[in-house]
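Protein chains: 2
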Amino acid sequence: MIRAAALPRPDGALRAIGTVRHFAPQQTIFAEGDPAGHFMLIIHGMVRSCSTFSDGRRFIGAFYAAGDLFGLERKEAYLASAEAVCETAIVLYPAPDWLDIARPQDSLSSQVFGAMMLGADQARSHARLLGRLHAIEKLSAFLLERHERSNQRLQLTLEMSRQDIADYLGLTVETVSRCLAQLKRDNLIRFHSSRRLDLLDIMALQAISG
Amino acid sequence: MIRAAALPRPDGALRAIGTVRHFAPQQTIFAEGDPAGHFMLIIHGMVRSCSTFSDGRRFIGAFYAAGDLFGLERKEAYLASAEAVCETAIVLYPAPDWLDIARPQDSLSSQVFGAMMLGADQARSHARLLGRLHAIEKLSAFLLERHERSNQRLQLTLEMSRQDIADYLGLTVETVSRCLAQLKRDNLIRFHSSRRLDLLDIMALQAISG
DNA sequence: CGGCTAATTGACTTTAATCAACTACAGTGG
DNA sequence: CCACTGTAGTTGATTAAAGTCAATTAGCCG
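Listed in order, the protein sequences are those of chains A and B.
At position 1 of the first sequence the residue is numbered 1 (the working numbering), and the sequence of numbers has no breaks.
Quick note, the working numbering runs 210 ahead of the 1-based positions in the second sequence.
Here it is in structure tokens:
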């Protein structure tokens, strides 16, 4: 994540307290869902952070090289797998307590720090959507995302225009409109007006969004 | 970024020290490149974080709603604009000193914190690439990104396979191969082997990658 | 040298973008 | 109150970009 060379005392302080480990090409360092108790610094080689969809599609969120830190997670579990791209050596560190945002904290700095972490997670999840989902899947995912952040049970009010949605999902207005029409045709959603709708089948929408 | 409801004492502590401001629909809160001296909490309404390409393409990186914090930047300047989607009220806070990663710090926690911030930026930049660039533009951007992180002047060694590149850029191996062939045809790159190449015209690659 | 995988290239198909009407709707002023 | 206007949204026809399928070539390691 960060190039050690860009910081003073690059890896000296860090390396002193960690455990060195070596990985062969294609070897898994940790898998999606593993308990996230450590973070890592790359000594040499390269690591890819990737996640796989149920149907086999794969998405790589980042490549990490010598000097980069990775595996910093807000959650209890890693959100993506890490695999060695080539012959790689890393140093392993126990995750510091202050990383544990799951634990309730209330200072201003904790709130700001938590917002940053959450923002990073959301950006990664957004990249995954943009990189590997089809138009109809993007729309399903978008509606579910909006639904999760609203308080309503089934009703959903979209504050933004179709153009905004298109620019968020990497599509055109026309495609957004057509996909919403298809979801309506399939009885997964119902419109009250162009910006107010009901989600009729959350499970089906989840199935579509991968 | 973070839903205040998910934290104890949601906005009480924060709201106490900030300045409330109101925005009309479509109004700009801050623009890409503005000095990043503040961050914001949304009281009500909705904000979009967006960036515009030289040719007019627009990309929205995130929507923020009531309770979300946004505008937390590692850099001196905001990396994307923020605009009100609808009638919106926010509270403005001065950015805390410890956000200023540009200033050299060397403690372990600073390194970890900096890595997280950088990782967030990279994920946002990756999302922008995935959302609004064409295949050839993605490849140009990818080569430049790899070049920046290598020490070589013009030579570039790709540690990863074409499949890895495809999964990183949201493309197929065939498209990756065809785009590299086109860049070669246009004399922007030259191959020594399939994973070793020279960048012959950085400026042209930058122009292509938007 | 042979056998395997990675990478390239070509032919064709599919998806989403583009271009072009057309409809719905909100706000304005007669 | 209702016609007029302008914007947002939808729908259809066509094109362009990238994906798929298939065959071939290049590298690599025994």
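For every residue, glycine included, the Cβ atom is placed at its ideal position computed from N, Cα and C.
Practice task
Consult DSSP for B:LEU269 and reduce its assignment to one of helix, strand or coil.
Solution key: One point to set straight first is that residue 269 of chain B is Phe, not Leu, in the sequence displayed. B:PHE269 falls in the strand class under three-state DSSP.
Problem - Straight-line gap, B:ASP377 to A:MET40 (C-alpha atoms, nearest Å) - result: 23 Å
Exercise for the section: Consult DSSP for A:TYR78 and reduce its assignment to one of helix, strand or coil. Expected result: coil
Handout entry: Exposed unless 16 or more other CB atoms sit within 10 angstroms - verdict on B:HIS402
Key = exposed
Problem - Selected residue, minimal CA-CA separation from B:ILE431, among B:PHE323, B:ASN361, B:MET256, B:GLU286 - result: The question about residue 431 of chain B has no answer, for chain B in this structure spans 211 to 420.
Handout entry: Run of the beta strand (DSSP E) containing A:VAL47, from where it starts to where it stops
Key = 46-52
Handout entry: Same chain, Cβ closer than 7 Å to A:SER194, five either side skipped, listed in chain order
Key = none
Practice task
With DSSP as the reference, please indicate the residues paired to B:TYR274 in a beta bridge.
Solution key: B:VAL257
Practice task
Counting only runs of 4+ residues fully inside the region 93-142 of chain A, write out the alpha helix (DSSP H) ranges in chain order.
Solution key: 108-132
Exercise for the section: Report the partner residues of A:MET160 according to the DSSP bridge assignment. Expected result: Bridge partners of A:MET160: none, in fact.
Practice task
Can you tell me which of B:SER360, B:LEU343, B:GLY277, B:LEU379 puts its alpha carbon nearest to the alpha carbon of B:ARG267?
Solution key: B:LEU343
Handout entry: From B:PHE233, B:SER291, B:ILE375, B:HIS232, residue whose alpha carbon lies closest to that of B:ARG258
Key = B:SER291
Exercise for the section: Go ahead and label B:GLN321 buried or exposed: buried means 16 or more other beta carbons lie within 10 angstroms of its beta carbon, across all protein chains shown. Expected result: buried
Exercise for the section: Return no unless some Cβ of chain A is closer than 9 Å to the Cβ of B:ILE212. Expected result: Residue confidence for B:ILE212 is low, a pLDDT of 41 falling below 50, so the modelled location carries little weight; the figure read from the coordinates is stated next. For B:ILE212, the answer is yes, since a Cβ of chain A falls inside 9 Å of its Cβ.
Exercise for the section: Please decide whether B:ARG342 counts as near chain A, where near means a Cβ-Cβ distance under 9 Å. Expected result: yes
Handout entry: For A:ALA215, the three-state DSSP class (helix, strand or coil)
Key = Shown here, chain A extends from 1 to 210; a query on residue 215 of chain A therefore has no answer.
Exercise for the section: Spatial neighbours of A:ASP198 within its chain, please: CB distance less than 6 Å, with the 5 preceding and 5 following residues excluded, ordered by chain position. Expected result: LEU154, GLN155, ARG190
Handout entry: Expected contact under 8 Å - CB spacing of A:SER51 and A:GLU32 to nearest Å
Key = 6 Å
Handout entry: Cβ-Cβ distance between A:ASP121 and B:PHE273 below 9 Å
Key = no
Practice task
Would you tell me roughly how many angstroms separate the C-alpha atoms of B:ILE227 and B:ARG334, rounded to the nearest one?
Solution key: 29 Å
Problem - Within-9 Å CB hit, A:ASP206 to chain B - result: In the sequence on display, residue 206 of chain A carries Gln and not Asp. Output row for A:GLN206: interface = no.
Problem - Residue interval of the alpha helix (DSSP H) (run including A:ARG178) - result: 173-185
Handout entry: Neighbourhood of A:VAL176 by C-beta, 6 Å cutoff - its chain only, sequence neighbours within 5 removed
Key = ARG162, ILE165, ALA166
Exercise for the section: May I have the straight-line CA-CA distance separating B:PHE280 from A:ALA115, to the nearest angstrom? Expected result: 8 Å
Problem - Per-residue contacts from B:ILE270 into chain A (C-beta, under 7 Å) - result: ASP164, ASP167, TYR168
Problem - Cross-chain neighbours of B:GLU369 in chain A, by beta carbon under 7 Å - result: MET46, VAL85, CYS86
Practice task
Measure from the C-beta of B:PHE155 to each C-beta in chain A and report whether the shortest distance is under 9 Å.
Solution key: Outside the shown range of chain B (211 to 420) lies residue 155 of chain B, about which nothing can therefore be said.
Exercise for the section: Tell me whether A:ALA166 sits in a helix, a strand or coil according to DSSP, three-state version. Expected result: helix
Handout entry: Whether B:LEU354 touches B:LEU415 by CB criterion (9 Å)
Key = yes
Handout entry: 6 Å Cβ shell around A:SER140 - same chain, five flanking residues per side excluded
Key = LEU205, ILE208, SER209
Exercise for the section: Work out the CA separation of B:GLY271 and A:PHE113 for me, nearest whole Å. Expected result: 19 Å
Practice task
To the nearest angstrom, report how far apart A:ALA4 and A:ALA66 are at their CA atoms.
Solution key: Its pLDDT being 41, under 50, A:ALA4 is placed unreliably in this model, and the coordinates cannot settle the point.
Problem - Length of the line joining the Cα atoms of B:LYS394 and A:ARG185 - result: 46 Å
Practice task
Could you confirm whether any beta carbon from chain B is found closer than 9 Å to the beta carbon of A:SER109?
Solution key: yes
Exercise for the section: With 9 Å as the threshold, decide whether the Cβ of B:CYS389 is near any Cβ in chain A. Expected result: no
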